[in-house]
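Enquirer: Let me give you the structure first, and then I'll get to my questions.
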Amino acid sequence: MNLEFSAEQQSLRDAARRLLADRCTPEMVRRILDGTDRYDRGLWRELAELGYLGVAIPEEFGGSGAGYLELCVIAEELGRVLAPVPVSSSTYLAAEFLKIGGSAGQQAAYLPKLASGALIGTFALAERAGEPNWQLLRARVEGDRLTGTKTVVADGDTADFAVVAARAADAPGPSLYLLDLHGAGVVRRPLTTIDPSRGYAELTIHSAPVEPLALGEVGGRVLRRVLDGAAVLMAFEQLGGAERALELACAYAKERWAFGRPIGSNQAIKHMLADMYVSVTLARSNAYFGAWALSTGADALGEAAACARISATQAFQHCARNNTQVHGGSGFTWAVDCHLYYRRSNLLALALGGLAPWEDRLIDELQRSAASQRG
Amino acid sequence: MDFDDSPADAEFRAVARSWLDANAPKELESSLRHAGFGELVLDGTDVLTASRHWQQRKAAAGWACPHWPREYGGRGLTPIEQVIWQQEEGVYGRLAAPFIVGHGMCGPTLMSHAGEEDRRRYLPPLASGEEIWCQLFSEPGAGSDLAGISTRASADAGAWVVNGQKVWTSFAHLSDFGLLLARTDPAVPKHRGLTMFFVDMHAPGVEVRPIKQANGQHGFNEVFFSDVRIPDRQRLGPVGNGWHVALTTLMNERLAIGSGMPTGFEEIFNWCCSLAQSGAKVLDDRAVRTRLATWAARRSGLKYTAARAITALSRGATPGPENSVGKLVAGSTMQEVAEFALSLAGPLGVVSDPRAAVDGGRFQSMLLRAPATRLEGGTDEILRNIIAERVLGLPPDIRLDKDIPFNRIPSRGDAG
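Which chain is which? The protein sequence lines are A and B, in order. 23 is the number of the first residue of the first sequence in my numbering; add one for each residue after it. 220 is the number of the first residue of the second sequence in my numbering; add one for each residue after it.
So, in structure tokens, the structure goes:
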């Protein structure tokens, strides 16, 4: 029995934490939040040079081939510091779509550049309000041309290409295509979101040339598998953010005095913080379950991904919300960092679909395993 | 990350499994598996007889308290082997209910604080279930504030005379001995005036009365002491050091490692699946799915929190206060599950008669037992304090009775 990261993975964590403490300060996050840059190019370059973007990409395609556990470690550290870089879009999603669904030629063409950070990829699914329904996509491909609108595309304003879910003329369910976002027929409109430290855009696509990645039933399976993996990785980001919000709240509860004593000596505050610790603990344990399932290719990946996603979403929202509450009035000022965590927790809660689709995924998986136990 | 045993652990598991295969009381397996919450009831079998029988069979083969040293009735297992043993023993472990307090709390306290002669005299029969022990800590006036107990032990010619009342004493009515925390000096601050003893529960002046619990069962007792004489040699640790001894006892409270605390999720999910199989649309309901998924993720979180604790244990770490999370989450989850299950049953949800109730009345008995899980062995509020102070490092509560002699601490009677 071993549900812990190895010594090597722990030292990767230490190195990443040191680097990010220095290179991804709250001031830097605020530069993106307040400015016109949509991500921090310097940090992106540095992550690429350290090989962080390629840990789960095979060596033959320019990665280190270390594996998913290393990527989980890095994701948690990026989440702690609210890193304003397109790692989730490019590394957890685009690179994984190519790894899992791409042809040998597509992998050779894209993966080395994703590992080196030379290319930024993303994933475009949503088309309108409400949870995306794969079976009711409006975006269509006829011949090799895609037409449709994709909205709330993470990093859609800066990415070089997108994996787009659309309906093929002759195949049921979602198919996946590669779309050059610099190419003809693509208009991007940046979107202002609740968390301006990350870039989002709407893509209006009119008869743009696309390359098929995975079509029909295969497309659906690839989509399922990549989203499950991304949910685990995103859960680590959320976990990192949740734990940091808890740390900030605890530190403030010890240093802020009122009524002649630290506010953290009041049970109303202590118990709120204890409950935050509980949610972080459950989220961490579920994230490790997810990491194990992802790294071993276990049948339980669907269940594990859903548990990780639900638990981490709840923990980050809970901790970010109560971190502000513990900070009192100062927590509602622009100058104090509470709102950075509050914004990011609510942004990530809706990335990859909100809670409802993951609740469905979990119940479906549990029903499936209950039915198979019944025989 | 993996869930595999090391080669040595796998070998140990095989040994444990083959002994259990040959010796476990398989005729009880089904009723143990389906036993409800709270007090154990077995169809057509006396629980104490079955429990003693199984415990003695284990003792004869060295499996009674396998993590104890051999000279005290154990087998000298490592902590990780103990977890494996618990996993393998599975439902049969429920038969140890009458011995849990003795094995989990009294035994380790004797091991730390009794003399060698007493350890050899008392621990082996405690392990084998031949002698049952209880823990006499809580009082009507002192629960969460345990150091505020007022049961008095007065020195009298090389012995102690005890007067007072204890409460919530599990299995006192079956016990041969009890671990007793008493006040030996009321003129010093409360933590400093306590002393630990063990007492013969058959001694003159000890009276055990069952408590009828809120759910109608009788799992606990009140214990009254009227001029009970305890020889000084039954004192554990120095006079005035009882709080320190009590802390060793409480630290040994059985950790929910390995098995995990029940949350009620399996029960409600299986019930919903069986409803769905007979055509009900319950699992298509968004609200139902949301509640079930939230509990499923919590249960999974607890399961893998236990797995992480076992990982730490196997690397030589000491289980810490982090383990308070299990009971805190499981207790309130079970209460939510029970309430929701009743609401799913509609008007029939109120029926508790197993012959007429939905799913044999299991959710009604869960509902009525659930308040206790949030109180026993540390209330939710005490557990939150433990997490806040010992894990997160927050300042202790402000205590108005600090440094005041026990007999001068204000109480409601003084408020006039």
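Every residue, glycine too, gets a C-beta built ideally from N, C-alpha and C. Predicted model, so just to flag it, every value in this text is computed and none were measured.
Rounded to whole angstroms, what's the CA-CA distance from Gly483 of chain B to Leu295 of chain A? Just pull it up for me.
Expert: Residue mapping note: residue 483 of chain B aligns to position 264 of the second sequence, counting from 1. Residue mapping note: residue 295 of chain A aligns to position 273 of the first sequence, counting from 1. For Gly483 of chain B and Leu295 of chain A, the distance between alpha carbons rounds to 26 Å.
Enquirer: Please tell me whether Ile385 of chain A has its Cβ less than 7 Å away from any Cβ of chain B.
Expert: As a working note, residue 385 of chain A is residue 363 in the first sequence. Closer than 7 Å: yes.
Enquirer: Are three or more beta carbon pairs between the stretch 192-211 of chain A and the stretch 73-86 of chain A nearer than 8 Å?
Expert: No, the stretch 192-211 of chain A does not touch the stretch 73-86 of chain A.
Enquirer: Which same chain residues, not among the five before or five after Gly238 of chain A, have their C-beta less than 7 Å away from its C-beta?
Expert: As a working mapping, residue 238 of chain A is identified with position 216 in the first sequence. Result list for Gly238 of chain A: Ala190, Ala193, Pro194, Gly195, Ser197, in chain order.
Enquirer: May I have the straight-line CA-CA distance separating Ile476 of chain B from Ile529 of chain B, to the nearest angstrom?
Expert: Locating residue 476 of chain B in the second sequence gives position 257, counting from the first residue. Locating residue 529 of chain B in the second sequence gives position 310, counting from the first residue. With a pLDDT of 46 at Ile476 of chain B, under the threshold of 50, the modelled position of this residue cannot be trusted; read the value that follows with caution. Rounded to the nearest angstrom, the two C-alpha atoms are 7 Å apart.
Enquirer: Report the residue from B:Phe444, B:Asp503, B:Asp221 whose alpha carbon sits nearest the alpha carbon of Arg428 of chain B.
Expert: The residue given as residue 428 of chain B occupies position 209 in the second sequence. Out of B:Phe444, B:Asp503, B:Asp221, B:Phe444 has the C-alpha closest to the C-alpha of Arg428 of chain B.
Enquirer: Please list, in chain order, the residues of the stretch 153-181 of chain A that have any C-beta partner in chain B closer than 9 Å.
Expert: Hits within the stretch: zero.
Enquirer: How should Arg220 of chain A be labelled, buried or exposed, when 16 other C-beta atoms within 10 angstroms of its C-beta is the threshold for buried?
Expert: As a position in the first sequence, residue 220 of chain A is number 198, starting the count at 1. Label assigned to Arg220 of chain A: buried.
Enquirer: How many angstroms separate the CA atom of Phe311 of chain A from the CA atom of Asp297 of chain A?
Expert: Position 289 of the first sequence, counted from the first residue, corresponds to residue 311 of chain A. Position 275 of the first sequence, counted from the first residue, corresponds to residue 297 of chain A. The alpha-carbon atoms of Phe311 of chain A and Asp297 of chain A are separated by roughly 21 Å.
Enquirer: Helix, strand or coil for Asn542 of chain B per DSSP?
Expert: Translated into positions along the second sequence, residue 542 of chain B becomes position 323. It is helical.
Enquirer: Put Leu267 of chain B into one of helix, strand or coil per three-state DSSP.
Expert: The residue given as residue 267 of chain B occupies position 48 in the second sequence. Leu267 of chain B: helix per DSSP, three-state reduction.
Enquirer: Starting from Gly282 of chain A, follow the beta strand (DSSP E) in both directions and report where the run begins and ends.
Expert: Position 260 of the first sequence, counted from the start, is the residue given in the question as residue 282 of chain A. Unbroken run through Gly282 of chain A: none, as it is neither H nor E.
Enquirer: Would you list, in sequence order, the uninterrupted alpha helix (DSSP H) runs of no fewer than 4 residues that lie entirely inside the stretch 505-568 of chain B?
Expert: Correct list: 505-533, 543-564.
Enquirer: Quick check for students: name the residue ranges of the beta strand (DSSP E) that lie wholly in the stretch 278-342 of chain A, counting only runs of 3 or more.
Expert: Here no run is fully enclosed.
Enquirer: To be precise: take each residue of the stretch 33-45 of chain A, compare its Cβ to all Cβ atoms of chain C, and keep it if any distance is under 7 Å. Which residues remain?
Expert: Looking at the structure shown, chain C is missing, and the protein chains on hand are A and B.
Enquirer: Identify, in the order they occur along the chain, each residue of the same chain with its Cβ nearer than 7 Å to the Cβ of Pro343 of chain B, setting aside the five sequence neighbours on each side.
Expert: Within the second sequence, numbered from 1, the residue matching residue 343 of chain B stands at position 124. Hits under 7 Å: Tyr291, Gly292.
Enquirer: Would you kindly report the start and end of the unbroken alpha helix (DSSP H) that includes Leu494 of chain B?
Expert: Within the second sequence, the letter at position 275 stands for residue 494 of chain B. Residues 484-496.
Enquirer: Whose C-alpha, out of B:His392, B:Arg276, B:Met470, is nearest the C-alpha of Pro540 of chain B?
Expert: Numbered from its first residue, the second sequence carries residue 540 of chain B at position 321. The candidate whose alpha carbon is nearest that of Pro540 of chain B is B:Met470.
Enquirer: Per DSSP, Asn24 of chain A forms a beta bridge with which residues?
Expert: By 1-based counting over the first sequence, the position of residue 24 of chain A is 2. DSSP lists B:Asp221 as partners of Asn24 of chain A.
Enquirer: When DSSP builds the beta bridges, which residues end up paired with Glu401 of chain A?
Expert: Residue coverage of chain A in this structure runs from 23 to 397, which leaves residue 401 of chain A outside it and unanswerable.
Enquirer: If we cut at 7 Å on Cβ distances, does Pro379 of chain A have a partner in chain B?
Expert: Counted from its first residue, the first sequence places residue 379 of chain A at position 357. So no, Pro379 of chain A is outside the interface.
Enquirer: Is it the case that the Cβ atoms of Ser367 of chain A and Gln339 of chain A are separated by a distance below 7 Å?
Expert: Numbered from 1 along the first sequence, position 345 holds the residue referred to as residue 367 of chain A. Numbered from 1 along the first sequence, position 317 holds the residue referred to as residue 339 of chain A. Yes, the pair counts as a contact, with Cβ atoms nearer than the cut-off.
Enquirer: Counting only the same chain and skipping the five closest in sequence on each side, list residues whose C-beta sits under 7 Å from that of Leu586 of chain B.
Expert: Within the second sequence, the letter at position 367 stands for residue 586 of chain B. For Leu586 of chain B, where only same-chain residues beyond five positions count, the Cβ hits under 7 Å are Ala557, Glu558, Leu561.
Enquirer: So, at 7 Å on beta carbons, what are the nonlocal neighbours of Pro317 of chain B in its own chain, with the 5 sequence-adjacent residues on each side left out?
Expert: The residue labelled residue 317 of chain B in the question sits at position 98 within the second sequence. Counting only Cβ-Cβ distances below 7 Å, and skipping sequence neighbours, we find Leu267, Ser270, Ile351, Phe390, Leu393.
Enquirer: From this set, A:Ala378, A:Val209, A:Pro234, A:Ile216, which residue's C-alpha is nearest Val185 of chain A's C-alpha?
Expert: Taking the first residue of the first sequence as 1, we reach residue 185 of chain A at position 163. Closest by alpha carbon: A:Pro234.
Enquirer: Report the neighbours of Ala283 of chain B on chain A: residues whose CB is nearer than 8 Å to its CB, in chain order.
Expert: For this step, residue 283 of chain B is matched to residue 64 along the second sequence. What Ala283 of chain B touches in chain A: nothing, since even the nearest Cβ is about 24 Å away.
Enquirer: Are the Cβ atoms of Ala148 of chain A and Leu168 of chain A separated by less than 7 Å?
Expert: Here residue 148 of chain A refers to the residue found at position 126 when the first sequence is read from its first residue. Here residue 168 of chain A refers to the residue found at position 146 when the first sequence is read from its first residue. No, Cβ-Cβ distance for Ala148 of chain A and Leu168 of chain A is not below 7 Å.
Enquirer: Using a cut-off of 7 Å between C-beta atoms, extract the partners of Ile529 of chain B located in chain A.
Expert: Your numbering for residue 529 of chain B matches position 310 in the second sequence. Per Cβ cutoff of 7 Å: Met23.
Enquirer: Compare the C-alpha of Glu118 of chain A against each of A:Ala371, A:Arg45, A:Ala252 and name the closest.
Expert: Within the first sequence, numbered from 1, the residue matching residue 118 of chain A stands at position 96. Ranking the options by Cα distance to Glu118 of chain A, first place goes to A:Ala252.
Enquirer: Considering Ala371 of chain B, what are the terminal residues of the beta strand (DSSP E) in which it resides?
Expert: As a first step, residue 371 of chain B is located in the second sequence; it is residue number 152 there, counting from the start. Checking the displayed sequence, the identity of residue 371 of chain B turns out to be Arg instead of Ala. Element bounds for Arg371 of chain B: 371-375.
Enquirer: Please list, in chain order, the residues of the stretch 553-581 of chain B that have any C-beta partner in chain A closer than 8 Å.
Expert: Against chain A - using a Cβ distance shorter than 8 Å - the stretch 553-581 of chain B contributes no residues.
Enquirer: Cβ atoms of Ala146 of chain A and Val175 of chain A: under 7 Å apart, would you say?
Expert: Translated into the one-based positions of the first sequence, residue 175 of chain A becomes position 153. Translated into the one-based positions of the first sequence, residue 146 of chain A becomes position 124. Yes. Within cutoff.
Enquirer: Is there contact between the stretch 277-288 of chain A and the stretch 613-620 of chain B, where contact requires at least three CB pairs shorter than 8 Å?
Expert: At 8 Å Cβ cutoff, the stretches touch.
Enquirer: Going by DSSP, what residues sit across from Leu261 of chain B in a beta bridge?
Expert: Reading the second sequence from its first residue, position 42 is the one you call residue 261 of chain B. Looking at the DSSP assignment, Leu261 of chain B forms a beta bridge with B:Thr264.
Enquirer: Closer than 9 Å, Cβ to any Cβ of chain A: which residues of the stretch 222-238 of chain B, in chain order?
Expert: Answer set for the stretch 222-238 of chain B: Phe222, Asp223, Asp224, Ser225, Asp228.
Enquirer: Which residues in the same chain as Asp62 of chain A place their Cβ atom closer than 7 Å to its Cβ, once the five residues preceding and following it in sequence are excluded?
Expert: Position 40 of the first sequence, counting from 1, holds the residue named residue 62 of chain A. Cβ neighbours of Asp62 of chain A beyond the five flanking positions: Met50, Ile54, Pro106, Val107.
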